[in-house]
Structures are given as C-alpha cells and as structure tokens.
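As you go down the protein sequences, you meet chains A and B in turn. Numbered according to the numbering used here, the first sequence spans residues -15 to 317. Numbered according to the numbering used here, the second sequence spans residues 564 to 924. Right, one structure below, let's go through it.
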Amino acid sequence: MGQVLLKSVRKSFGSAEVIPDLSLAIPDGSFTVLVGPSGCGKSTILRMIAGLEDVSSGTIKINDRDVTYREPSQRGIAMVFQSYALYPHMTVAENIGFGMILAKRPKAEINKRVGEAAAILRLEHLLDRKPKQLSGGQRQRVAIGRAITRDPQVFLFDEPLSNLDASLRGQMRVELAELHSKIGATMIYVTHDQVEAMTMADQIVVLNNGRIEQQGMPMELYIAPKTRFVAGFIGAPSMNFFEGSIASQHDCDALGVRPEHIGLRDDDGDLTGRIRHAEQLGSDTIIYVHHDDYGQITVRAEGNRVLDIGSTVHLTLPAEHLHRFRNGFRIQD
Amino acid sequence: MNAEQLAARRRQNRAGWAMALPACLLIFAFLITPFFMAFGLSLTNQRLISPNPAEFVGLRNFERLLGVGLLTLDPLRDENGEVRLKGGEPEYPRIRSFTRGNPDYPRLNRMREWFRIDLPGDRQLVVLAKDLVFIKALKNTVLFVAVVAPVQSGLALILALLINRPLRGINVFRTIYFAPVVISMVVVAMLWRFIYDGQNGILNSLLGIFSFGAIEPISWLGNTSTALPAIMAMSVWQGVGFHMVIWLSGLQTIPQPLYEVARIEGATGWQTFRYVTWPGLRNTAILVMVIITMQAFTLYPQVQVMTRGGPLDSTQSLVFQAVVRGYEKQDIAGGSAISVLLFLFVLAISLFQRYLTRDRD
Ligand SMILES: Nc1ncnc2c1ncn2[C@@H]1O[C@H](COP(=O)(O)OP(=O)(O)OP(=O)(O)O)[C@@H](O)[C@H]1O
Ligand SMILES: [Mg+2]
C-alpha cells in the first residue's frame, strides 16, 4: 500500500540544479535509507515526497496515486524532523494529538489514540509535560508519536537521531527498527551516518550530487559497490584505494581494499609500510600505516593488538576481497 | 596577574570611564535630575518665574488635579409638588448654586460639572471635577491608549504577516510601510492638517469624489466628535510601520519546521496562526504592547501641532496639559504633578501587563 515512486524528478533552486533527474522506486513496507554526503540533496528529495518542496518537473506517486501536486496533508505521509519540531507551548499529549486536535476529533478518540502511541513509545508518564522538560531522546519519541497518530502509509525521517548522543542514538536505532516491524509502514530515512544506514535499512540509496550512485541491500553495497564513490562511502573505516603500479598489475586504475580485509604480517606481504598510529577500540584495532608510494593505508585488525609505533609491517591484499575500478566504475570479474 | 598587568588594567578602566563620563553627565543632567525634580516640584507651589520662594504644599497639587465630587439632584417642583417641566424635560437646580460658595457643600466649592447620569425617579447624579480640563485630558489620553494600542498593534501584525513571505519586490512594501516612522511626528502632523482640512482637505475631496458629492465636507479637526478620532487615525498610521518591524523580527524567530508540521497535519490558515504563529509571538506581543502603551500615553506633538487641545478640550492630553501648565501658565508645580501622575499610570499599566502575560509554567 505504501509504495513510493519518483519518476524523472528534477529540482532546481533558482539557477542551481540540485536534483538533475532522479527516478526511484521504494517498495511497500520497506525501510529505505537515503545516504550521501552533506548537500547531496537527501533532504530535498524527502521534502519533495512530503510535498513541502515543489518538484521542478517529474511525478511522484504514493500507493499508485499521483501526488505530485497534492498538499502535504493529502499524501498519506508523516514526517519527523531533526529538530523535533515540537510546539513548545503544548504538552506532550497535545503535541502527539496535534493532527486530531486540528481535525476537531472527539476528545475520547484523541485520548485513546494518543495513549496508544504513547504506549508504543513508552511516553505514558510524560504526557502532561512540556517539550522543554524532556530529554532529547524523549523529544524525538514525541515527534515520532505525532507521526504514528497520523497513521500514515509512509514515514519520512530527516536525520532524526543526529541531535542525540552516541549511546542514545544506538538505542533509538533499535527502537525505530522495532517500530518498523511492528507497524509495517514504508519508512524513508535520511541520514549521513552510514552506521545507521547499514544497520537499519533493508534498502540503501546512495546519493551523490543529486544522483543515485547505487541502490540495493546493505550487504550488496558492501560486497559489490558499483562505483568508487559507494565503495568509499559505505563501510567504516573507509575503503583504501591504491592507484599506480599495483592498480595496473590488477588491470584497473583504482584498486580498493577494505581495512578489515587487509592482512597484517611480520615477515612478508604485498606491501610494506610503517605504523604511524593505532586506535585500540577493544574489539578491534585500527592501524594507520604509512606507505612511501600509496600514502596512508588503514588496517582493521581483530582483537586488541599492541603495536610499536614506527615499526615496519607487511600487508597482504587477499585476492577475493579486491575491488577494481576504472573511471570510477566497478569492473565486474 | 602581576602588578604591571593590574596597573594596565586599571589605566584602561580609567580611560573607559573617562570616555563614558560626558554621556553620563548629560544623562544625569537632562534625564535623572529632572525626573527626581519633577517629584520634588510636584509637592511645592513653585512657579516658573516668581519673586516668592517656593513653599512645600504636600499633596495639594494632586488633590486639585484629581478632585472629583458627586451630587444628586432632585428635580425642581412647583407648589403642588409636581415636577416642573421645561421643554418636556424635568428641570433641575443650577449647579452653580452648589459650587459657588455654598456653605452646605464646602467640598464642591469651585468644582465644575463633568457629566451627569439619569437615576430612577427623575433624579440625576452629577459628577463634578475640580480641574475639568485635566480630567478631560486624562479621559482623552486613556481613550487614546485604549483605541490606539490594540488597533495599531493589530494592524502592524497583519502587515507583518502579509509582508513576511519571500515574494519579489516585498522590500518595496516594507520600505513604504516603514517610511512614516522615520518622518518626525511634527512633520507628519503638519501634513495631516492638510489632509483633514475642513474646506479643501484631501480627505474631504476624496470622500466627495467617491460619494459623488453626497458627503459634505467635514471639518475633521474642528469638530468635537471627530477631532480625537482623527488624531488617533493619524497616530496609528505613523507608528504602525515601527511595530510591524518588531512583529516581523518575532515572526522570524519561529522555526520553519513548526509550520511544516502544521502543513503536514493539514492545518488551515487560521489554525496555523492560532497554534503556531501566535504562541510563537508571545514575547513579541508583550514587547509591542508595552511599547505602544508607553508611546500612546505620551501623546503630545499631534495635539500641539493639530488642535492645541481643542475644540472644546476634546483633544486635551496629559502631556499637552503638563506643557501648557508648566510653561504657558508658568505653573511648574502643576505641570510636574501631571508628569508624576503620568509616570505612575504608565508604571502601573506596565506592571499589570507584566502580570497578565507572566509565564504560567
Ligand atoms: N531553499 C533552498 N534554496 C536554495 N538552495 C537550497 C535550498 N534548500 C537546499 N538547497 C541546496 O540544495 C542542496 C541540497 O540540499 P539538501 O538540504 O537536500 O542537502 P542534504 O543532502 O540534506 O544535506 P545535509 O546532509 O547537510 O542535510 C544544497 O546544495 C543546498 O544548498
Ligand atoms: Mg538534510
């Protein structure tokens, strides 16, 4: 029911073309994450789906209905903003039930629906508070509650967690994923945090300069990135790229290897470098190796490795984990 | 911090104070001193130029200004006890018989009639005032505030809402609406005298044209019933741009996502105003109301230029009376007393507004 289709959508602000020509299909019930660097047009796409921004050309369909020129309230969507966008003078209950207050629904119905949303989000004890008496995570849950009571076909999230601290973000990620499986509605989620993208999405759309670089399941993007941009964007720490002689040996102009796939040896390897810095994360260790020809190489080793800064290490590049790119595109094996 | 740094700091401080000194002196001489002098003078019988030394008279100036009295009148009756009629109306005794040295009514001595109210049984209640001109000035000023404050702030808000949108050429409108603010009120008042002129003023010409001559020319400033409304209308026009700018700055502090949520939730234009705009303007509203009230209470240049309090005291104002008494009648003590009263009114109203708009959470 909540399928979203964008067909040849363009968007310009004045003379600046932000979205050149974008077609995108978001299946019903999916959790689709739009990722990309800052300014690539993620929010613009989301706002066009919401109807807060007009399209310059193209059509948008939600649930097989052309909504290109519909008012936001007529599209069957709900949106959650990064800034929460709660009304400071209203209580939590009024904020959650705002749409029903506007529609002048009976008090009993409002209370019932607000109660249901509050129960899902564990906000029951906070219903009489004002937003400024809440923590960031609670505020964002109120904003999500307001979206739930709209009972939309499509939820739109614009970086809802980026104002929260890291541990709270992790907790909210889980809650949102649970919410998705509970409600089953389509969710479109914008972020530039690729951990959020990898963990929550069943479909990721990687954007760059208003264009889709690649669209697919998180593991697809991780295992077989179609472009060098996607390869560098998905995965943390970022993939290493080698150009020059070692790339030519593999018949490409950029050879990519993820930090977690590089092997670390004391005796012999494909490359030899000097350890410049190591970050011990407990579960694994991120090692920054300097190579005279290729510059900095990032290596991720499992476990807690104690290494001497400045010492020489040998690196191996396993053949099954090499990504070859020519002119920015993947060479299929 | 060592001794040398301390000395440098102290030198800098001294230089700062030295630079602020002229301004401080001027503020002290022309603002703070007169403020306290007004309090002092209002308790004396000081005159502007007088050979006699001033004497302390306590609150007599205030008693004279604020003194009001009540008098109930029975209609005059003839020998048979029937109410005497004059032109179909009951006839009453003359007020002068009570207020001119009548030993039975010492309190009413030298008072003048302000207005009268009909009571049941043909009786009348007469309200008298010791200083009728002042009482009228007070009434006019309060009326002026009561009309101008809501009308001006409301109009300014409407203009701000109309102008607060990203349209091309919107700055032209902002400039037009703001232009009267930068023109001195004295100049504005002079210009509006031509607009309101009784013979060939622009307003009369326009009314004549649009009613095809049905509306006769009105002497807007020469008529007791139109003079004060005319001054109110002009004052609203002159100040509305200033308050529009304050509202605009308030509007721009409301985060855009709050409006976007309202759009998504399907709010109508009025609902958006009621639930998003107006609550977001709360602090601005307090500011605008306090400023307008204070400005309106000090109504003076319009009156001075356009009507000088006339016709028949229908446009007297408190500040105008303070000036007339203090300088034209040389009664500095009386003028000071009016200023002190004005200060107390404005203070009281501001405190009351603060109370009404206090943060209830
Ligand atoms: N109202 C606007 N007027 C003009 N340009 C705009 C407007 N809104 C966005 N843009 C431009 O469009 C581009 C895309 O903006 P958008 O907000 O969609 O980026 P984003 O991917 O959401 O970035 P971020 O991750 O920083 O939020 C940017 O270059 C931005 O400057
Ligand atoms: Mg954005």
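For each residue, glycine too, the CB sits at the ideal point set by N, CA and C. All figures in this text were calculated on a predicted structure; none of them were measured in a lab.
Residue i and residue j look like a contact to me (Cβ under 8 Å); what is the Cβ gap, rounded to whole Å?
i, j, result
"B:Ala896", "B:Thr607", "5 Å"
"A:Arg153", "A:Phe309", "The pair is not a contact, with the Cβ atoms about 32 Å apart (cut-off 8 Å)."
"A:Thr175", "A:Val17", "6 Å"
"B:Pro616", "B:Leu639", "Rounded, the Cβ-Cβ distance is 50 Å, inconsistent with contact."
"A:Ala62", "A:Ile80", "Contact flag wrong, Cβ pair sits at about 12 Å."
"A:Gly42", "A:Val(-7)", "3 Å"
"B:Pro653", "B:Asp685", "5 Å"
"B:Ala859", "B:Phe707", "6 Å"
"A:Ser267", "B:Ile827", "So it is not a contact: roughly 41 Å between Cβ atoms."
"A:His298", "A:Thr256", "5 Å"
"A:Gln137", "A:Asn47", "6 Å"
"B:Thr840", "B:Ile817", "7 Å"
"B:Leu754", "B:Thr870", "The Cβ separation is near 15 Å, so there is no contact."
"B:Leu811", "B:Asn727", "6 Å"
"B:Gln865", "B:Met797", "7 Å"
"A:Thr296", "A:Arg258", "6 Å"
"B:Gln715", "B:Val808", "Contact doesn't hold; Cβ gap of about 13 Å is too wide."
So, is residue i buried or exposed, given that buried needs 16 or more other C-beta atoms within 10 angstroms?
i, result
"B:Lys649", "exposed"
"A:Tyr278", "buried"
"B:Gln921", "In the sequence on display, residue 921 of chain B carries Arg and not Gln. Label assigned to B:Arg921: exposed."
"A:Asp317", "exposed"
"A:His261", "exposed"
"B:Gln801", "buried"
"B:Asp894", "buried"
"A:Lys88", "exposed"
"A:Thr133", "buried"
"B:Asn763", "exposed"
"A:Asp112", "exposed"
"A:Ile246", "buried"
"A:Gly219", "buried"
"B:Cys587", "exposed"
"A:Leu205", "buried"
"B:Phe936", "Residue 936 of chain B lies beyond the residue range present for chain B, which begins at 564 and ends at 924; the question has no answer from this structure."
"A:Met203", "exposed"
For residue i, which residues in chain E fall below 8 Å Cβ to Cβ?
i, result
"A:Ile61", "In the structure shown, chain E does not exist; the protein chains are A and B."
Considering only C-alpha positions, which residue in the set the options is nearest to residue i?
i, options, result
"A:Thr52", "A:Ile61, A:Gly35 and A:Val64", "A:Gly35"
"A:Leu356", "A:Gly253, A:Gly120 and A:Thr16", "Because chain A is modelled from -15 through 317, residue 356 of chain A falls outside the range shown and cannot be assessed."
"B:Ala692", "B:Leu639, B:Leu722, B:Lys702 and B:Gly684", "B:Lys702"
"A:Glu108", "A:Lys114, A:Val98 and A:Gln117", "A:Val98"
"A:Met171", "A:Gly42, A:Ile270, A:Gly60 and A:Gly(-2)", "A:Gly60"
"A:Arg31", "A:Val214, A:Glu100 and A:Arg54", "A:Arg54"
"A:Glu159", "A:Asp149, A:Pro202, A:Ser(-4) and A:Arg106", "A:Arg106"
"A:His234", "A:Val214, A:Ser14, A:Arg49 and A:His307", "A:His307"
"B:Tyr890", "B:Val799, B:Arg610 and B:Glu618", "B:Arg610"
"B:Gly776", "B:Ser605, B:Thr704 and B:Leu766", "B:Leu766"
"A:Leu86", "A:Asn47, A:Arg130, A:Ser67 and A:Phe65", "A:Arg130"
"B:Pro729", "B:Gln815, B:Leu636 and B:Thr596", "B:Gln815"
"A:Phe65", "A:Gly(-14), A:Thr28, A:Ile3 and A:Ser222", "A:Thr28"
"B:Leu634", "B:Phe625, B:Leu604, B:Arg647 and B:Pro669", "B:Pro669"
"B:Ile855", "B:Ile781, B:Thr787 and B:Val710", "B:Val710"
"A:Gly200", "A:Gly194, A:Val214 and A:Asn193", "A:Val214"
"B:Thr861", "B:Asp637, B:Thr662, B:Val909 and B:Thr831", "B:Val909"
"A:Gln117", "A:Lys96, A:Val76 and A:Ala103", "A:Val76"
"B:Ser747", "B:Thr789, B:Val824 and B:Val868", "B:Val868"
Please indicate yes or no: does the CB of residue i lie closer than 7 Å to some heavy atom of ligand 3?
i, result
"A:Phe(-3)", "Inclusion of ligand 3 in the displayed structure is not the case, the ligand content consisting of ligand 1 and ligand 2 alone."
Problem set entry | Positions along the stretch 803 to 826 of chain B whose CB lies within less than 7 Å of some CB in chain A | For the stretch 803 to 826 of chain B, the set of residues with a beta-carbon nearer than 7 Å to any beta-carbon of chain A comprises Pro818, Pro820, Leu821, Glu823, Val824 and Arg826, in chain order.
Exercise. Got a list of residues with beta-carbon closer than 7 Å to any non-hydrogen atom of ligand 2, in chain order?
Worked result: Ordered along the chain, the selected set is A:Lys26, A:Ser27, A:Asp142, A:Glu143 and A:Val174.
For this session: Name, going along the chain, the residues of the stretch 14 to 37 of chain A whose beta-carbon falls closer than 9 Å to a beta-carbon of chain B.
Result: From the stretch 14 to 37 of chain A, only Arg31, Ala34, Gly35 and Leu36 have a Cβ closer than 9 Å to chain B.
For this session: Scan the stretch 67 to 85 of chain A for residues whose Cβ lies nearer than 7 Å to a Cβ of chain B and list them as they occur along the chain.
Result: The stretch 67 to 85 of chain A vs chain B, Cβ under 7 Å: Ser67, Ala69, Tyr71, His73, Phe82 and Gly83.
For this session: With 8 Å as the C-beta to C-beta threshold (strictly closer), list the residues of the stretch 721 to 732 of chain B near chain A in chain order.
Result: For the stretch 721 to 732 of chain B, which is checked against every Cβ of chain A, not one residue is closer than 8 Å.
For this session: Pull out every residue of the stretch 195 to 226 of chain A whose Cβ sits closer than 7 Å to any Cβ of chain B, in chain order.
Result: The stretch 195 to 226 of chain A vs chain B, Cβ under 7 Å: nothing.
Problem set entry | Short-range partners of chain B found in the stretch -4 to 13 of chain A, where Cβ spacing is below 7 Å | From the stretch -4 to 13 of chain A, no residue has a Cβ closer than 7 Å to chain B.
For this session: Below 9 Å between beta carbons is the criterion; list the residues of the stretch 839 to 864 of chain B that meet it against any residue of chain A, in chain order.
Result: Taking 9 Å as the Cβ-Cβ cut-off, the stretch 839 to 864 of chain B approaches chain A at Val839, Pro842, Gly843 and Arg845, given in chain order.
For this session: Residues of the stretch 135 to 169 of chain A with a CB closer than 8 Å to any CB of chain B: list them in chain order, please.
Result: Cβ proximity to chain B below 8 Å picks out nothing from the stretch 135 to 169 of chain A.
Exercise. What are the residues of the stretch 261 to 273 of chain A that lie near chain B, defined by any Cβ-Cβ distance shorter than 8 Å?
Worked result: Under the 8 Å Cβ criterion, the stretch 261 to 273 of chain A contributes no residue.
Exercise. Along the stretch 41 to 65 of chain A, what residues have a CB closer than 9 Å to any CB found in chain B?
Worked result: Listed in sequence order: Glu55, Pro56, Ser57, Gln58, Arg59, Ile61, Ala62, Met63 and Phe65.
Problem set entry | Residues of the stretch 904 to 923 of chain B with Cβ closer than 9 Å to any Cβ of chain A, in chain order | From the stretch 904 to 923 of chain B, no residue has a Cβ closer than 9 Å to chain A.
For this session: Note down, in chain order, all residues in the stretch 87 to 117 of chain A with a beta-carbon under 8 Å from any beta-carbon belonging to chain B.
Result: Within the stretch 87 to 117 of chain A, the residues whose Cβ lies closer than 8 Å to some Cβ of chain B are Ala87 and Lys114, listed in chain order.
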